[in-house]
Amino acid sequence: MYYQLPFKTGRYIVEEIGEHPNGALVQVLAVVHHPKQGDLHAPGETDVFFHERKALAFKEKRIVHPNLLKPYDGEVPDYNLSLKEAVGRLEEKLTAENSDYNQQALKALSNLKEEYHHYNHITF
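Heads up: the sequence shown at position 75 corresponds to 74 in numbering that gives the first Met the number 0, and the numbers run straight through without jumps.
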């Protein structure tokens with residue numbers, strides 16, 4: 000069975016592959032929403048340590064609370080394609096408004112795109 004999982008500020012399609020005393024063991028199959036960039040405790044701020052937030056990797060495993068898992072009954076897209084599309088949607092959102100935060104987030108996303116290209120061979 001497939002699920003949607005919100006994790007930090009991203010959202011993923013996952014499958015449950017086991018049980019753990021602390022929750023369900025899942026592995027990532029696709030990216031629905033790419034994580035937001037920056038400091039989670041100071042959203043929209045640029046005068047803080049600005050975090051680059053990568054998407055969870057294909058088949059990356061996490062132990063999560065079962066209440067976080069919401070059933071997903073659609074077709075599971077290819078991981079690389081889903082990552083590329085999620086990055087594109089986030090870029091569109093960030094380029095829609097010119098702000099210091101959006102510029103810094105776009106720079107972080109540009110660095111991540113280079114890393115995704117290197118490791119996943121995705122052309123953006």
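The C-beta atom is built at its ideal place from N, Cα and C for all residues, glycine as well.
Could you compute how far the alpha carbon of residue i sits from the alpha carbon of residue j?
{"i": "residue 104", "j": "residue 122", "result": "20 Å"}
{"i": "residue 61", "j": "residue 0", "result": "16 Å"}
{"i": "residue 92", "j": "residue 111", "result": "16 Å"}
{"i": "residue 38", "j": "residue 73", "result": "32 Å"}
{"i": "residue 81", "j": "residue 46", "result": "31 Å"}
{"i": "residue 55", "j": "residue 27", "result": "7 Å"}
{"i": "residue 43", "j": "residue 108", "result": "15 Å"}
{"i": "residue 94", "j": "residue 77", "result": "26 Å"}
{"i": "residue 19", "j": "residue 96", "result": "43 Å"}
{"i": "residue 83", "j": "residue 58", "result": "16 Å"}
Using DSSP with H/G/I as helix, E/B as strand and the rest coil, what is residue i?
{"i": "residue 30", "result": "strand"}
Verify the contact flag: residue i, CB atom, against every heavy atom of the ligand COA, threshold strictly below 7 Å.
{"i": "residue 94", "result": "As far as ligands go, the structure on display features none, and thus does not contain the ligand COA."}
So what does residue i bridge to, in DSSP terms?
{"i": "residue 161", "result": "Residue 161 is absent from the structure shown; the chain starts at 0 and stops at 123."}
Identify, in the order they occur along the chain, each residue of the same chain with its Cβ nearer than 8 Å to the Cβ of residue i, setting aside the five sequence neighbours on each side.
{"i": "residue 2", "result": "12, 13, 14, 15, 25, 68, 69, 70 and 71"}
Got a sec? Which residues, its chain only, sit under 6 Å from residue i by beta carbon, not counting five neighbours each side?
{"i": "residue 115", "result": "121"}
{"i": "residue 52", "result": "34 and 36"}
Can you give me the Cβ contacts of residue i inside the same chain, cut-off strictly under 7 Å, excluding the 5 residues immediately before and after it?
{"i": "residue 32", "result": "9, 10 and 85"}
Would you give the residue range spanned by the alpha helix (DSSP H) that residue i belongs to?
{"i": "residue 102", "result": "99–119"}
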